[in-house]
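Going down the list, the sequences are from chains A and B. Counting in full-length UniProt numbering, the first sequence runs from 1 upward without gaps. Counting in full-length UniProt numbering, the second sequence runs from 1 upward without gaps.
There are 2 protein chains.
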Amino acid sequence: MTDRPSTPARGVRGPYRSGIRRRAQIIDKAVEVFSSYGYRASTVREIADRVGITPAAVMKHFGGKEQLLLEVLRVWDEAQLTSPRGTGLAALRGLRDRMVWHTEHRGLLELYLTLATEATDPSHPAHQFMTKRYARTLRDFEQWIREAVEAGEVRPMDQETLRYEASTLLAVLDGVELQWLLTPGIDLVGQVTRYLESSIARWQATRPEQPL
Amino acid sequence: MTDRPSTPARGVRGPYRSGIRRRAQIIDKAVEVFSSYGYRASTVREIADRVGITPAAVMKHFGGKEQLLLEVLRVWDEAQLTSPRGTGLAALRGLRDRMVWHTEHRGLLELYLTLATEATDPSHPAHQFMTKRYARTLRDFEQWIREAVEAGEVRPMDQETLRYEASTLLAVLDGVELQWLLTPGIDLVGQVTRYLESSIARWQATRPEQPL
């Protein structure tokens with residue numbers, strides 16, 4: 001993936017404009033196919049058909065279905081990470097923007113939830129990616145709550161409560177996302193915002209001796 | 001296949017003992033295969049192989065992969081519904097037992113979550129089953145909270161709050177279940193119980209003019 005000289009050797013897949021565009025097209029269609037069928041039932045042929053190229057051409061760009069999946073996940077992950085985060089309560093409130101982003105990228109959300117559940121199976125090629133991603137997200141949420149405590153934005157809480165609150169917050173995001181995909185009439189952004197604000201109010205109001 | 005009477009009519013598949021046993025075996029293996037691969041990537045051949053019969057024999061019992069899936073879902077649904085429920089807070093607190101049941105039936109939980117996410121696609125054969133099931137579960141949760149209000153177990157809340165609390169509770173169940181499947185160290189029963197009890201405490205403590 002380096003910037004090649006003007007006379008490309010056979011097999012060169014450098015970042016020439018049309019190569020980049022083609023890769024982007026393949027990833028785009030791979031997201032569609034993976035999120036409709038899940039990873040296991042998806043075929044390189046179906047993805048190639050939607051791009052209008054041969055399966056061999058897809059393989060030339062990505063090596064195989066598994067590498068294509070990992071590339072799709074990497075792209076999805078980076079798209080998520082680009083939003084500014086801040087610290088403490090500002091970072092937590094930023095999750096509202098992530099929900100807005102999901103409503104604008106329904107296909108990617110379907111892909112993520114389908115893969116997260118498929119990948120609970122340790123033999124799934126995205127298993128390691130997903131377990132690491134969940135662990136990282138939980139660490140992020142814990143850190144933001146800890147920052148809020150340290151900045152005096154909310155009252156102190158013990159480590160176990162911090163873990164519980166981080167994990168329950170992540171559960172609410174995943175669960176409301178799933179309901180939003182499955183059932184009409186769910187307001188993803190509104191419901192997550194309400195949960196965030198009522199959690200923050202709870203963390204601010206609770207006296208240390210009271211259960212959260 | 002079936003335990004035939006001495007002069008069976010063509011097509012008879014009555015509830016003879018060995019027929020029932022064979023159907024149960026097929027459903028058992030279908031749960032394994034569907035929860036490992038998802039519906040779309042599962043094959044009748046794989047299920048048949050695990051039972052030690054031919055795909056044609058599976059088809060004879062269930063007609064096809066789609067009917068087999070719907071039968072598996074029906075069995076799963078009934079298994080869930082057998083637990084006594086009660087009303088109001090007793091019913092809500094009964095969700096703890098459902099989590100215990102999940103920890104004892106990890107394969108069925110994997111199946112349910114994999115299918116719920118796959119079935120967000122309207123063309124999925126379980127789509128209608130899953131959307132109906134989610135709607136019913138939300139109605140159940142709303143009713144239990146309403147019963148708790150009517151019995152004076154918790155303070156009154158408006159209809160919008162009731163819907164929000166029911167939907168967020170379901171989200172917490174799904175989300176914590178997913179984390180339990182994906183990451184080690186999650187205490188499914190403990191975390192859901194804590195969420196339930198802190199929600200109940202919140203509903204009891206809140207004065208009507210305060211936000212929940």
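Beta carbons are placed, not taken as given, at the ideal position from N, Cα and C, and that holds for glycine.
In the pairwise beta carbon analysis, the stretch 86–99 of chain B is classified as touching the stretch 144–164 of chain B: at least three pairs are separated by under 8 Å.
In the three-state DSSP reduction, Met130 of chain A falls in the helix class (H, G or I). Listed by position along chain B, the residues whose Cβ is nearer than 8 Å to that of Gln143 of chain A form an empty set, because the closest Cβ is around 17 Å away. The three-state reading of DSSP puts Glu153 of chain B in coil, since its state is none of H, G, I, E or B.
The Cβ of Gly175 of chain B sits closer than 8 Å to at least one Cβ of chain A. When C-beta atoms of the stretch 179–195 of chain B are compared with those of the stretch 126–137 of chain B, fewer than three pairs fall below 8 Å, so the two segments do not count as touching. Residue environment for Ala30 of chain A: buried (at least 16 other C-beta atoms within 10 angstroms of its C-beta). When C-beta distances to chain B are compared with 8 Å, the residues of the stretch 164–191 of chain A below that value are Tyr164, Ser167, Thr168, Leu170, Ala171, Val172, Leu173, Asp174, Gly175, Val176, Leu178, Gln179, Leu181, Leu182, Thr183, Ile186, Gln191, in chain order. The beta carbon of Ala116 of chain A lies closer than 7 Å to those of Met130 in the same chain, with the five residues before and after it left out. Taking 8 Å as the threshold, the shortest C-beta distance from Thr120 of chain A to chain B falls below it. Among the residues facing chain B, Met130 of chain A is included, as its CB has a counterpart in that chain under 8 Å away.
Positions of the alpha helix (DSSP H) runs, each at least 4 residues long and wholly inside the stretch 43–99 of chain A, are given as 44–51, 55–62, 65–81, 88–93 in order along the chain.
Around the beta carbon of Ile47 of chain B, 16 or more other beta carbons lie within 10 angstroms, which makes this residue buried. Here the alpha carbons of Ala171 of chain B and Ser35 of chain A stand approximately 21 Å from one another. In terms of beta-carbon proximity, Glu110 of chain B lines the interface with chain A, with at least one pair separated by less than 8 Å. Not flagged as an interface residue toward chain B: Thr54 of chain A, since no C-beta distance is shorter than 8 Å. Taking the CA atoms as reference points, Val154 of chain B sits about 53 Å from Arg45 of chain B. For Thr161 of chain B, the uninterrupted alpha helix (DSSP H) run begins and ends at 159–182, by DSSP. At least one beta carbon of chain B lies nearer than 8 Å to the beta carbon of Ser36 of chain A. When C-alpha distances from Val192 of chain B are compared across B:Arg22, B:Leu182, B:Gly175, the shortest belongs to B:Gly175.
Bounds of any alpha helix (DSSP H) do not take in Ala119 of chain A, whose DSSP letter is neither H nor E. One Cα belongs to His102 of chain A, the other to Asp77 of chain A, and the distance between them is close to 13 Å.
Residues of chain B whose Cβ lies closer than 9 Å to the Cβ of Ala30 of chain A do not exist, since the nearest Cβ in that chain is about 16 Å away. Sorting A:Ala166, A:Trp180, A:Thr183 by C-alpha distance to the C-alpha of Leu196 of chain A places A:Ala166 at the top. Cβ neighbours of Arg85 of chain A within its own chain (closer than 7 Å, five residues either side excluded): Ala91, Gly94. Contact check for Arg40 of chain A against Gly38 of chain B passes: the beta carbons are separated by less than 8 Å.
Annotation: the continuous alpha helix (DSSP H) that includes Gly38 of chain A extends over 17–41. Put simply, the CB of Ala41 of chain B is near chain A, with a gap under 8 Å to one of its CB atoms. In the structure shown, the three-state DSSP call for Asp187 of chain B is coil.
When only Cα atoms are considered, Val51 of chain A and Ala56 of chain B end up about 37 Å apart. Between Thr168 of chain B and Glu118 of chain A, the C-beta gap is not smaller than 8 Å, which leaves the two residues out of contact.
Just measuring C-alpha positions, the residue of B:Thr120, B:Arg106, B:Gly107, B:Glu104 sitting nearest Leu108 of chain A is B:Thr120. The beta carbon of Leu113 of chain A falls within 8 Å of a beta carbon belonging to chain B, placing the residue at that interface.
Excluding five sequence positions before and after Val72 of chain B, the CB atoms of its chain that fall closer than 8 Å to its own CB belong to Ile27, Ala30, Val31, Phe34, Leu111, given in chain order. Ala148 of chain B is classed as buried because its beta carbon has at least 16 other beta carbons within 10 Å across all chains shown. Between Leu89 of chain A and Arg98 of chain A, the alpha-carbon positions lie close to 15 Å from each other.
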